[in-house]
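**Q** Following this message is one structure expressed as structure tokens.
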Amino acid sequence: MALENINPSGTVAWQKLREHFAEMQMASMPDMFAADNGRAEKFHITWNNFLVDYSKNLITDETLALLQDLAKEVNLSGAIESYFGGEAINRTEDRAVLHTALRAPKDADIKVDGKNVMPEVYSVKEKIKQFTDEVISGKRTGYTGKAFTHVVNIGIGGSDLGPAMVTEALEYYKNQLEVRFVSNVDGDHIAEKLKGLDPETTLFVIVSKTFTTQETLSNATTARDWFLQLGSQDDVAKHFVAVSTNIQKVTEFGIAESNIFPMWDWVGGRFSLWSAVGLSIALAIGYDNFDKLLKGAHDMDEHFRTAPHSENIPVVLALLSVWYNNFYGAESEALIPYTQYLQKLAPYLQQGIMESNGKSVGRDGNPVNYQTGTIIWGEPGTNSQHAFFQLIHQGTKLIPTDFIGFAKSLHGNQDHHDKLMSNFFAQTEALLNGKSKAQVKKEFAEKGVEGEQAAFLVPFKEFKGNKPTNTLLIDKLTPEALGSLVALYEHKIFVQGVIWNIFSYDQWGVELGKQLANSILGEIQSGEVKEHDPSTSFLLKTFLEKR
Ligand code: F6P
């Protein structure tokens, strides 16, 4: 069964949420906490090693009940069944969306077009395990018999962001292999990443689901040319492997069929790190850790599939996000991990969230009459505090923010960790309570600051507070915890796509620019500028003169 076609703005719950929003506009979170000291107790979910506190949101019991009604009216439960059941919910590409199968147990029975995909999934996993074990142990070597020391992952979008994010996030668990990532077609990127590498000890992993992506093919060709300066064509087989669904194109490129790690069209690029696209992750941290990552994601899948909506982390976070996006008019959400290891989480989720839900046509083919995909951005704390927190605290925009922190540090430097986490808690408290003018005046008085300048400064030092945050406190940054965290956001994306009645799993919006770039490339290379708008023609001509 395809996903239903229900305009959320036509539901009873949506109408009631509108009316409720009119009442909530003036609501004060500090007042709500003062009136109900069980609020934190009530508005949190504990699951495995996760504590998700969503009490610092502009919500009441009624808000949550109405949001749950909305989920019911759009038949979220039915949609979840279709998603996990392998139905072709990616209707515009006529495909199932089954990244969840990649982390399901071996004995699961998950069918695509009537065929259980699990035997294939596990045969590729076995291939990944064998290959990574051999490379890490030095059993598999380069063409001169030396063990590999460096891995270069060449891919872009989902074929880069996921592996790069996870490899950095799990750096603590890394082995001796140095893994580098090349994505941009900018030749300076690959030039920098090849610096200092020895062709005898470098392994290239070319990742492209389609194997037609301009950036990846250009970088792969440059890498192969670089390798061929020392190695021979026959040696390419020992140094180049590929991850793709397009076996024919990979073999045409010159990579041996035995060096291809297959994937399937039911794995979307931005959800593919769990497949062989994660080969570089498995090389970096070993197969067992890669498997733990998958296990953590599967645990979250089970939670999402089975927990009642009111206790379901992805569902609750998705509904809160809909509340701000569609009723408060919040345009963006920030994501602030309090660990440097998760530096790439926001860029990774930018693709996941914005490529999925940045759509303006409903499942009925008509333009939507409400807002969809949020803008996502973020940086680790505490760096972000010294960069853009000013705007979150005192700017004019409402920016719901997720704070992600860990109870334990990995290297165990308690002093640093206590400082880090004191900032983590302080920020959500400050965003909640703010600081009133009266408090500012009191502080001035205590310091003996008086007079005209002090009075002038009061409004600038006031913090209005009442800014919504979610706090995700996780025990420790382990491969399992990271798997669960990423799967949580994947499911949040799904829930929001269901509610917004859009197709979350295509990405037609990236095609037009690609097409135009191809034709402009021809013009640049021939030096003949064809017909464009006046601005583009002028720019191209100037570029050709200067290049
Ligand atoms: O940016 C569009 C996109 O298709 C992404 O969805 C995808 O992750 C990326 O390009 C790379 O595609 P491929 O893995 O086919 O090279």
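Just so we're aligned: 363 in numbering that gives the first Met the number 0 is position 364 of the sequence shown, and the numbers increase by one with no gaps anywhere. Built from N, CA and C at the ideal position, the CB exists for glycine as well.
Between which two residues does the beta strand (DSSP E) harbouring glutamate 301 extend?
**A** Here glutamate 301 belongs to no beta strand (DSSP E); instead the alpha helix (DSSP H) covers 286-305.
**Q** Under three-state DSSP, which class holds histidine 149?
**A** strand
**Q** Looking at the structure shown, is proline 379 part of a helix, part of a strand, or coil, going by DSSP?
**A** coil
**Q** Does the distance between the C-beta of glutamate 354 and the nearest non-hydrogen atom of the ligand F6P fall short of 7 Å?
**A** yes
**Q** Please give the ranges of any alpha helix (DSSP H) in the region 325-374, keeping only runs that are unbroken, at least 4 residues long and fully inside the region.
**A** 344-349
**Q** Name the residue from Gly195, Lys55 and Leu341 whose alpha carbon lies nearest to the alpha carbon of threonine 400.
**A** Lys55
**Q** In the DSSP output, what is valine 240 paired with across the bridge?
**A** Per DSSP, Val204.
**Q** Once DSSP output is grouped into helix, strand and coil, what is the label at aspartate 106?
**A** DSSP places aspartate 106 in coil when its eight states are reduced to three.
**Q** Less than 8 Å between the C-beta atoms of alanine 425 and leucine 472, yes or no?
**A** At least 8 Å separates the beta-carbon of alanine 425 from that of leucine 472.
**Q** Tell me the residue span of the alpha helix (DSSP H) that contains arginine 17.
**A** 11-23
**Q** Beta strand (DSSP E) containing glutamate 177: first to last residue?
**A** 177-181
**Q** Do glycine 464 and glycine 553 count as a contact pair if the criterion is CB distance below 8 Å?
**A** Absent from the model: residue 553. The displayed extent of the chain is 0 to 546, so no value can be given.
**Q** According to DSSP, is isoleucine 312 helix, strand or coil?
**A** helix
**Q** Note down, in chain order, each residue of its chain lying with its Cβ closer than 8 Å to the Cβ of phenylalanine 289, except the 5 sequence neighbours on either side.
**A** Ile127, Thr131, Gly277, Ile280, Ala281 and Pro478.
**Q** For asparagine 115, which of helix, strand or coil comes out of DSSP?
**A** strand
**Q** Determine which residues share a DSSP beta bridge with lysine 396 and list them.
**A** Looking at the DSSP assignment, lysine 396 forms no beta bridge with any residue, so it has no partner.
**Q** Just to confirm, does valine 96 get its C-beta within under 7 Å of one of the non-hydrogen atoms of the ligand F6P?
**A** Taking the Cβ of valine 96 as the reference point, every heavy atom of the ligand F6P lies at 7 Å or farther away.
**Q** Please confirm if the region 176-187 is in contact with the region 143-156, defined as three or more CB-CB distances below 8 Å between the two stretches.
**A** yes
**Q** Starting from the C-beta of lysine 343, find all residues in its chain whose C-beta is less than 8 Å away, skip the five residues before and the five after it, and write them out in chain order.
**A** Leu160, Ala163, Met164, Glu167 and Ala168
**Q** Would a C-beta distance cut-off of 8 Å place phenylalanine 147 and leucine 202 closer than the cut-off?
**A** yes
**Q** Should threonine 209 be counted as a contact of the ligand F6P given a C-beta to heavy atom distance under 7 Å?
**A** True, at least one ligand heavy atom lies under 7 Å from that Cβ.
**Q** Would you call the region 229-238 and the region 73-89 touching, i.e. three or more CB-CB distances under 8 Å?
**A** no
**Q** What does leucine 50 pair with, by DSSP beta-bridge criteria?
**A** Thr45 and Leu472
**Q** Would you list the residues sitting across from phenylalanine 462 in a DSSP beta bridge?
**A** Lys434
**Q** Is the region 328-336 close to the region 289-303, with three or more CB pairs under 8 Å?
**A** No, the region 328-336 is not in contact with the region 289-303.
**Q** Determine contact between the region 215-225 and the region 256-268, defined as no fewer than three beta-carbon pairs at a distance below 8 Å.
**A** Taking a contact to require three or more Cβ pairs closer than 8 Å, the region 215-225 and the region 256-268 do not qualify as touching.
**Q** Check whether the region 481-497 and the region 307-325 touch, using three or more Cβ-Cβ pairs below 8 Å as the test.
**A** Short answer: they touch.
**Q** Whether or not the region 62-77 and the region 3-17 are in contact is what I'm after, with contact meaning three or more pairs of Cβ atoms, one per stretch, closer than 8 Å; do they touch?
**A** yes
**Q** The ligand F6P and serine 158: does the residue's C-beta get closer than 7 Å to at least one heavy atom of that ligand?
**A** It does: the Cβ of serine 158 is within 7 Å (strictly closer) of some heavy atom of the ligand F6P.
**Q** Within 8 Å, do at least three Cβ pairs link the region 351-358 to the region 372-381?
**A** yes
**Q** Would you say the beta carbon of isoleucine 153 is closer than 7 Å to some non-hydrogen atom of the ligand F6P?
**A** no
**Q** How about valine 242 and phenylalanine 260: do their beta carbons lie closer than 8 Å?
**A** It is a contact, given that the beta carbons lie within the stated cut-off.
**Q** Using DSSP bridges, identify the partner residues of phenylalanine 542.
**A** Note: phenylalanine 542 sits in no beta bridge, so no partner.
**Q** Could you tell me the boundaries of the alpha helix (DSSP H) in which proline 7 lies?
**A** Neither: proline 7 is in no alpha helix (DSSP H) and is coded neither H nor E.
**Q** Kindly examine the ligand ADP and report whether one of its heavy atoms sits closer than 7 Å to the Cβ of glutamine 247.
**A** Absence of the ligand ADP is noted for the structure shown, with the ligand F6P being the only ligands found.
**Q** With a 10 Å radius around its C-beta and 16 neighbouring C-beta atoms as the bar for buried, classify glutamate 18 as buried or exposed.
**A** exposed
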